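Chains as they are written, first to last, in my numbering: chain A, 1 to 226; chain B, 227 to 452; chain C, 453 to 678; chain D, 679 to 904.
4 protein chains.
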Amino acid sequence: MTSGQKGRDIPRTVEPRTAKAPKRDAERTKKEILAAAMTEFAEYGDTGARIDRIAERAGSNKAMIYSYFGNKEELYAVVLREAYLQIREGERKLDLAKLDPKSAIVELLRFTAYHFRDNPWFLRLLNTENQRRGQTIRQLDGLAELNSPLVEFLREILLRGEKSGVFRKGVDPVEIYLSIASLFYFPLSNTYTLSIVFDPDIGSDAWLEKRIRQAEDMILKYLIAD
Amino acid sequence: MTSGQKGRDIPRTVEPRTAKAPKRDAERTKKEILAAAMTEFAEYGDTGARIDRIAERAGSNKAMIYSYFGNKEELYAVVLREAYLQIREGERKLDLAKLDPKSAIVELLRFTAYHFRDNPWFLRLLNTENQRRGQTIRQLDGLAELNSPLVEFLREILLRGEKSGVFRKGVDPVEIYLSIASLFYFPLSNTYTLSIVFDPDIGSDAWLEKRIRQAEDMILKYLIAD
Amino acid sequence: MTSGQKGRDIPRTVEPRTAKAPKRDAERTKKEILAAAMTEFAEYGDTGARIDRIAERAGSNKAMIYSYFGNKEELYAVVLREAYLQIREGERKLDLAKLDPKSAIVELLRFTAYHFRDNPWFLRLLNTENQRRGQTIRQLDGLAELNSPLVEFLREILLRGEKSGVFRKGVDPVEIYLSIASLFYFPLSNTYTLSIVFDPDIGSDAWLEKRIRQAEDMILKYLIAD
Amino acid sequence: MTSGQKGRDIPRTVEPRTAKAPKRDAERTKKEILAAAMTEFAEYGDTGARIDRIAERAGSNKAMIYSYFGNKEELYAVVLREAYLQIREGERKLDLAKLDPKSAIVELLRFTAYHFRDNPWFLRLLNTENQRRGQTIRQLDGLAELNSPLVEFLREILLRGEKSGVFRKGVDPVEIYLSIASLFYFPLSNTYTLSIVFDPDIGSDAWLEKRIRQAEDMILKYLIAD
DNA sequence: TATGAATGAGTGTTCATTCAT
DNA sequence: TATGAATGAACACTCATTCAT
């Protein structure tokens with residue numbers, strides 16, 4: 001049962017080996033394997049991913065994978081952690097601190113929407129890990145720390161909003177982040193089924209823009225003080 | 227790489243064979259296999275599901291599966307269609323036509339929330355099919371027809387609301403259904419990762435009740451005419 | 453590093469499938485696999501034995517082996533137990549109870565000598581298990597019981613000898629069995645090295661007959677009362 | 679299927695590298711590899727031995743092994759020859775020429791017993807080579823020459839015994855050596871199985887002492903002229 | 001001389017699928 | 001219709017051996 005297909009949507013993180021570069025470069029090989037593994041796991045899920053294919057994608061061979069990562073399970077764990085690293089790094093770069101609260105929320109919402117659309121491999125990796133019932137994420141260290149900056153950042157925005165009288169009181173930052181993420185995760189993670197079942201437009205660029213405006217509307221109406 | 231675990235969350239649809247029942251009952255065997263397959267695919271996903279286990283769960287044997295369903299792929303297709311059948315049937319039974327628009331929306335929202343929580347296998351099946359990039363759902367016939375009643379029903383509610391001046395104009399029923407589903411799908415489908423990353427409470431009964439109230443608030447604020 | 457070679461010295465225990473016999477016969481297949489495994493483990497040792505070859509030798513396939521025996525380790529354990537079963541069964545059939553003590557000892561000695569020569573696979577299996585530091589035999593149940601009849605039998609012979617004044621007092625049956633086995637185990641298990649290092653004759657039929665007479669002489673001189 | 683275990687019973691033959699010693703010392707590296715290989719082959723047998731582990735044990739690397747020894751097979755051959763060298767050297771040092779025949783035999787017997795017990799790696803190497811059906815020893819040159827001094831020495835003792843009337847006539851030195859070696863090889867090489875099957879004491883210090891006395895008794899009774 | 005990286009042919013094990021009864 | 005036996009193509013993982021530096 002072959003699940004995924006081609007799909008090459010993970011951002012290249014390794015430059016092609018130049019003529020000058022040495023043929024035996026452990027660091028580089030390791031990175032190439034990791035990049036290949038991210039693609040493979042996102043495309044096929046945990047049980048569907050193939051070590052053979054990862055080796056081929058990485059232009060390396062199976063033995064190297066085992067030498068560098070131990071086994072499939074451990075490789076998957078590294079991939080999962082790397083996924084969170086990359087996402088949070090993206091959010092960090094937003095630097096919304098200088099915007100007023102309303103704009104900051106809107107900006108985060110738009111970022112999230114496009115981030116989900118542009119990095120479907122991340123959604124698929126989340127799906128995979130939840131299909132596995134969190135077997136691996138449970139064992140990763142420092143994930144809470146990795147994710148807390150986002151929450152703290154949101155908390156600060158909400159507080160500023162409260163103080164300036166724009167936002168109502170008592171809204172939890174996690175709650176708001178969940179709402180924002182929810183509104184895009186569902187349609188963007190389930191585009192294949194939803195577009196068949198409800199509307200073929202779902203997932204298109206035009207649809208997304210419209211959806212973003214509706215979500216903005218919804219979130220802000222919820223947040224604004226009466 | 228073993229993904230899923232025990233988990234027995236698909237509602238029994240086949241009664242246990244009674245003493246009276248004949249040993250050779252084609253129809254019954256088929257149903258038992260299908261029920262077993264639903265559980266298996268929901269628990270392990272497409273690549274993780276095992277024909278052996280399905281046969282065992284069904285109290286039957288592998289050859290029967292092939293005889294009745296062709297192969298794993300086709301069995302999966304039947305499982306997927308069955309999943310949609312069961313869900314829509316649940317919604318149909320709600321019979322919200324007699325409620326006023328606001329109550330109807332609230333009721334649908336609550337139903338959706340609890341339905342997702344009580345039928346995680348459905349979420350997992352959706353995940354699986356989207357991981358497969360809709361490979362199978364694309365080929366199922368009559369799915370749009372199967373799902374349209376829900377949309378028509380919602381459209382009617384929104385219209386009633388508009389007419390009575392409670393709801394604002396121009397809200398699309400699919401849009402609203404997506405919003406409602408989104409708000410619960412994300413946290414309930416990703417409970418494992420979210421509870422590790424953000425808050426261990428996510429997914430608990432108390433959390434869900436709170437979440438439902440927030441979602442009601444959000445959806446109604448969005449729908450209500452100013 | 454390929455150790456063993458051809459060598460087909462385990463006694464056939466399974467008749468060739470006749471035209472009449474059914475093609476699907478679990479019991480028979482299992483026996484054939486076991487017979488093949490005995491040969492393979494004896495020839496190549498534990499790490500050298502190949503599941504592929506066992507399957508081929510058995511005229512079956514690898515999946516059957518796993519279906520019937522679990523894995524290589526468990527298959528090896530069954531082989532080891534079987535080896536002891538066959539040996540002790542051979543000794544049991546000797547039925548030396550009717551001979552006088554001296555003749556009984558001589559007979560046992562001759563049997564042991566020829567048994568070792570005719571069943572080199574047994575010696576090799578012992579070697580293998582001791583190379584493994586008894587990893588498996590330690591876990592086999594009922595081995596002591598399996599072997600005790602031989603000891604009891606010897607004890608009875610020695611007692612009879614004592615009473616009739618032929619044998620001296622206080623000789624332990626295990627001690628005597630060890631001596632007899634030792635005298636043939638070493639040269640017959642190490643024929644390859646010994647014949648290179650000391651004398652190419654070692655292991656030949658003529659050599660064995662001479663050796664048996666020397667061993668008889670040695671054992672009896674040791675046993676006889678002065 | 680992992681056979682051996684820890685076990686560090688080969689006598690150190692290489693001194694630890696001192697600060698003064700150069701980092702690049704071909705002769706030394708070669709010796710260290712050989713020592714490591716002896717341990718490894720004795721512990722795991724031919725097929726179980728791992729080039730990786732040998733390199734690690736030697737504090738060197740795999741390429742060195744191939745550079746110095748060609749391949750695993752050839753390395754094994756060197757190990758095997760070395761084993762015989764060390765053993766015969768031990769016997770040579772005994773210098774029993776000054777003892778009377780009876781004492782000399784007893785001394786050789788005791789030496790053999792303790793030598794086998796103290797150098798189980800040698801027994802294991804013999805086992806291994808015989809499991810391989812002498813594949814390698816057959817190709818080693820000069821082994822007969824290496825081993826003949828022992829035989830000649832024994833022959834001389836027996837002759838002296840004959841002439842002084844203590845020993846009977848016509849006893850072959852190889853025959854006697856085989857007997858002595860046999861009586862200890864079997865129980866000491868098969869301690870693991872024998873202690874499970876017959877008596878847990880087998881192999882203990884007390885047991886060995888008792889066994890030595892029995893063996894002395896047996897050998898001398900056999901040798902002594904009536 | 002020395003080292004760590006790289007590779008390809010295995011090797012044990014699993015699994016979807018088919019066959020004989 | 002029903003069942004357990006049989007099979008071959010994977011698949012994760014290992015290991016002897018070679019290469020680049």
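Beta carbons: idealized from backbone N, C-alpha and C, even for Gly.
Nothing here was measured: the structure is a model prediction, and the numbers come from that model.
**Asked** From the beta carbon of arginine 811 of chain D, is the nearest beta carbon of chain C less than 7 Å away?
**Response** yes
**Message:** If the cut-off is 8 Å on Cβ atoms, which residues from the stretch 344-359 of chain B count as contacting chain A, listed in chain order?
**Reply:** Going along the stretch 344-359 of chain B in chain order, one finds Arg350, Leu352, Asn353, Thr354, Glu355, Asn356, Gln357, Arg358 and Arg359 with a Cβ nearer than 8 Å to chain A.
**Opposing strand residues paired with isoleucine 65 of chain A [DSSP bridges]** = Beta-bridge pairing links isoleucine 65 of chain A to no other residue.
**Request:** Taking 7 Å as the cut-off, decide whether the C-beta atoms of alanine 113 of chain A and isoleucine 212 of chain A are in contact.
**Result:** yes
**Message:** Taking CB distances under 7 Å as the criterion, tell me whether lysine 472 of chain C reaches chain D.
**Reply:** With a pLDDT of only 48 at lysine 472 of chain C, under 50, the local geometry of the prediction cannot be trusted, and the value read off the model is given with reservation. No - not a single Cβ of chain D is within 7 Å of the one on lysine 472 of chain C.
**Request:** Enumerate, from N- to C-terminal direction, the unbroken alpha helix (DSSP H) stretches of 4 or more residues contained entirely within the stretch 100-133 of chain A.
**Result:** 101-118 and 120-131
**glutamate 162 of chain A versus A:Ser67, A:Lys102 and A:Arg50, residue with shortest Cα-Cα distance** = A:Lys102
**Prompt:** Under a Cβ-count criterion, where at least 16 other Cβ atoms within 10 Å of its own Cβ denotes burial, should arginine 234 of chain B be classed as buried or exposed?
**Reply:** Because arginine 234 of chain B sits at a pLDDT of 43, beneath the cut-off of 50, its placement in the model cannot be relied upon, and the following sentence gives the value as read from the coordinates. Exposed, since its Cβ has fewer than 16 Cβ neighbours within 10 Å.
**Asked** Would you say tyrosine 310 of chain B and leucine 351 of chain B are within 7 Å of each other, going by their C-beta atoms?
**Response** no
**Collapsed DSSP secondary structure at isoleucine 890 of chain D in the structure displayed** = helix
**Prompt:** Of the choices C:Thr481, C:Ile676, C:Ala487 and C:Arg533, whose alpha-carbon is the least far from that of isoleucine 589 of chain C?
**Reply:** C:Arg533
**Message:** Let me make sure I understand the geometry here. Which of A:Asn61, A:Lys169, A:Ser67 and A:Asn190 has the alpha-carbon closest to that of aspartate 730 of chain D?
**Reply:** A:Ser67
**Request:** Look at the Cβ atom of leucine 861 of chain D, then the Cβ atom of serine 641 of chain C, and state whether they are nearer than 7 Å.
**Result:** no
**Request:** Scan the stretch 394-445 of chain B and note each continuous alpha helix (DSSP H) run of 4 residues or more that stays entirely inside, going in chain order.
**Result:** 399-415 and 417-423
**Prompt:** Counting Cβ pairs, one atom from each stretch, are 3 or more of them under 8 Å apart for the stretch 159-175 of chain A and the stretch 216-226 of chain A?
**Reply:** yes
**Request:** Would you mind sorting lysine 458 of chain C into buried or exposed? The rule is 16 or more other CB atoms within 10 Å of its CB.
**Result:** Any reading at lysine 458 of chain C must be qualified, since the residue scores a pLDDT of 49, below 50, and its modelled position is unreliable; no value is offered.
**Request:** For arginine 569 of chain C, I'd like the list of residues in its chain whose CB is within less than 7 Å of its CB, leaving aside the five on either flank, ordered along the chain.
**Result:** Leu640 and Leu660
**Message:** Is lysine 899 of chain D close to chain C? Criterion is C-beta to C-beta, closer than 7 Å.
**Reply:** yes
**Buried or exposed (CB count within 10 angstroms, at least 16 for buried), glutamate 751 of chain D** = exposed
**Message:** Output needed in chain order: residues of the stretch 408-430 of chain B with a Cβ under 9 Å from some Cβ in chain A.
**Reply:** Ser408, Leu409, Phe410, Tyr411, Phe412, Pro413, Ser415, Asn416, Thr417, Tyr418, Thr419, Leu420, Ser421, Ile422, Val423, Phe424, Asp425 and Ile428
**Request:** Compare the C-alpha of glutamine 214 of chain A against each of B:Asp326, B:Phe295 and B:Gly396 and name the closest.
**Result:** Minimum Cα distance to glutamine 214 of chain A is reached at B:Gly396.
**Asked** Between D:Met896, D:Ala727 and D:Leu712, which lies nearest to serine 857 of chain D when the distance is taken from Cα to Cα?
**Response** D:Met896
**Prompt:** Should alanine 884 of chain D go down as buried or exposed, given a rule of 16 or more other Cβ atoms within 10 Å for buried?
**Reply:** exposed
**Asked** Cβ of proline 173 of chain A within 7 Å of Cβ of valine 197 of chain A?
**Response** no
**Message:** Cutting at 8 Å between CB atoms, please list the residues of its own chain near leucine 220 of chain A, excluding the five before and the five after it.
**Reply:** Non-local beta-carbon contacts of leucine 220 of chain A in its own chain, meaning distances under 8 Å to residues more than five positions away in sequence, involve Lys102, Ile105 and Val106 in chain order.
**Prompt:** Ends of the alpha helix (DSSP H) at valine 756 of chain D?
**Reply:** 750-772
**Request:** Can you say whether glycine 820 of chain D is buried or exposed, counting buried as having 16 or more other CB atoms within 10 angstroms of its CB?
**Result:** With fewer than 16 Cβ atoms within 10 Å of its Cβ, glycine 820 of chain D is classed as exposed.
**Message:** Strictly below 9 Å CB to CB, what residues from chain D border isoleucine 589 of chain C?
**Reply:** Tyr870, Thr871, Ile874 and Val875
**Prompt:** Would a check of beta-carbon distances place aspartate 547 of chain C closer than 7 Å to chain D?
**Reply:** no
**Item:** CB-CB length for threonine 871 of chain D against glycine 586 of chain C, believed under 8 Å
**Value:** 6 Å
**Request:** Please determine, among D:Ala727, D:Leu774, D:Trp799 and D:Met679, the residue with the shortest C-alpha to C-alpha distance to arginine 833 of chain D.
**Result:** D:Leu774
**Asked** Between the stretch 711-736 of chain D and chain C, which residues of the former have CB atoms less than 7 Å from a CB of the latter, in chain order?
**Response** Those residues of the stretch 711-736 of chain D that come within reach of chain C (Cβ to Cβ, closer than 7 Å) are Gly723, Asp724, Thr725 and Gly726.
**Message:** According to DSSP, is leucine 595 of chain C part of a helix, a strand, or is it coil?
**Reply:** helix
**Request:** Output the boundary residues of the alpha helix (DSSP H) element that contains threonine 717 of chain D.
**Result:** 704-726
**Message:** Between arginine 8 of chain A and chain B, is the shortest Cβ-Cβ distance under 7 Å, so that the two count as touching?
**Reply:** With a pLDDT of 43 at arginine 8 of chain A, under the threshold of 50, the predicted position of this residue should be treated as unreliable, and no value is reported.
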